[in-house]
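Beneath this line is the structure, given in structure tokens, with notes to follow.
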Amino acid sequence: MADDEGAAFWEGVYGQPIHTYPRPRSKHKSDTIDDDPTDTENLNSMTDEEYVTYVRAKMWEKTHQHVLEEQRRREEAKSRRRQLDEEGRRLEKGVEEALRRGEERRRKARWKTRWSEYLEGWKCFTEQAGGDAGTNPVEAIRKRIPWPVLSGMRRDVNQAEVERFFKHAPESSGAEYDANLLKLERVRWHPDKVQQKAGPSTVDEETMRTITAVFQIIDQLWSNTRSQ
1 MADDEGAAFW EGVYGQPIHT YPRPRSKHKS DTIDDDPTDT ENLNSMTDEE YVTYVRAKMW
61 EKTHQHVLEE QRRREEAKSR RRQLDEEGRR LEKGVEEALR RGEERRRKAR WKTRWSEYLE
121 GWKCFTEQAG GDAGTNPVEA IRKRIPWPVL SGMRRDVNQA EVERFFKHAP ESSGAEYDAN
181 LLKLERVRWH PDKVQQKAGP STVDEETMRT ITAVFQIIDQ LWSNTRSQ
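The following block contains the structure:
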């Protein structure tokens, strides 16, 4: 760094005097020379070129210290954000899973209750098919038939709803549909059987069409299940 012009150049580059980093007093020549050019204990053995490299490194570190610190702070903030994002995703996933399980429990409970009502409805229909005295027997039969849909209402009877109803039968453990259950329901919903249980002249034509539609849906489900 004896070259004043060179020293002035590097002072202009880094904005600080290079003589902040003077050579220390020389050691004994027998001292071991370390390979690290930034080791101040070995500066006595540096060549001019090595010393220049050392000074430039020190000047760069001092000049860019705030840059390095800012970079470190950004990396730490980025790491914290990643950690918070990951914790947020885990929490959100846990909440969604808990809600899904809760909804599944409610859905199963709803179908279990509906099937209990359906089976009890058939029991009452068989026992009281004739209707109460003084009531319109046709209207009484229509209302008392336990239609195989979630709502239990005849107006909601269609292929999709009937199939969904039997798909959620309690007996259907594992399989999509229970073949034995469908076989029993097929007999139960046969129009002649329903007419027999209801009594003569108590099932009107519109109601009978709906009964026939239910029978045909169940019959098709049963046939498909048997062929699998």
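The C-terminal residue of the sequence shown carries number 228 in full-length UniProt numbering, and the numbering is unbroken. A virtual CB, placed ideally from N, CA and C, is assigned to each residue, including glycine. No experiment lies behind these values; they were computed from the predicted model shown.
- For Arg56, the enclosing alpha helix (DSSP H) has its first and last residue at 48-63.
- The alpha-carbon of Glu104 is positioned some 33 Å away from that of Arg142.
- Ile211 sits close to Val194, with the two beta carbons spaced by under 8 Å.
- Using a Cβ distance threshold of 8 Å, Leu182 and Leu221 count as a contacting pair.
- Residue environment: Pro148 is assigned as buried (16 or more neighbouring CB atoms within 10 Å of its CB, all protein chains considered).
- The count of Cβ pairs closer than 8 Å, one atom from the region 157-173 and one from the region 112-129, reaches three, so the stretches are in contact.
- Within 10 angstroms of the beta-carbon of Arg186 lie 16 or more other beta-carbons, which makes it buried.
- If you compare the alpha carbons of Ala198, Lys123, Lys108, Asn180 with that of Glu139, the shortest gap goes to Ala198.
- When the five nearest sequence neighbours on each side are left out, the beta carbons in the same chain lying within less than 6 Å of the beta carbon of Thr207 are those of Arg142, in order along the chain.
- With contacts defined by Cβ atoms closer than 8 Å, Arg144 and Phe165 do not form a contacting pair.
- In terms of Cβ geometry, Arg188 and Trp122 form a close pair [threshold 8 Å].
- Around the Cβ of Thr202, a 10 Å sphere holds 16 or more other Cβ atoms; the residue is buried.
- Here Val95 is exposed, its C-beta having fewer than 16 other C-beta atoms within 10 Å.
- In this structure, DSSP gives Asn136 a state outside helix and strand, which the three-state scheme calls coil.
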